[in-house]
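Data block below; observations after.
In the numbering used here, the protein residues as written are 2 to 79.
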């Protein structure tokens with residue numbers, strides 16, 4: 002069974018069951034955005050080679066997406 006790899010920033014506008022917006026990224030992308038994630042106060046979870054960021058505020062998630070775009074990181078929105 003092939004393993005799906007997360008490249009860049011994957012953003013969903015829908016909330017998870019706990020009411021959080023979810024962003025997934027690979028470890029390389031996380032290293033580029035780590036300082037911004039910490040500055041925005043976003044919750045991070047490490048899952049193998051992927052990092053999941055969750056927050057109840059779409060505004061903070063949107064700021065992270067804009068920072069990623071400024072850095073030239075591929076952003077996938079669904």
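A virtual CB, placed ideally from N, CA and C, is assigned to each residue, including glycine.
With a 10 Å radius around the Cβ and a threshold of 16 neighbouring Cβ atoms, residue 48 comes out exposed. In the displayed model, residue 8 falls within coil according to three-state DSSP, outside both helix and strand.
Collapsing the DSSP output to three states places residue 77 in a strand. Around the beta-carbon of residue 56, 16 or more other beta-carbon atoms lie within 10 Å, marking it buried. Within the same chain, Cβ atoms closer than 8 Å to the Cβ of residue 68 are found at 34, 37, the five residues on either side in sequence being excluded.
For a cut-off of 8 Å, the C-beta gap from residue 43 to residue 61 is around 6 Å, short enough to register as a contact. In the DSSP assignment, residue 27 forms a beta bridge with 51. For residue 19 and residue 58, the gap between their C-alpha atoms comes out near 13 Å.
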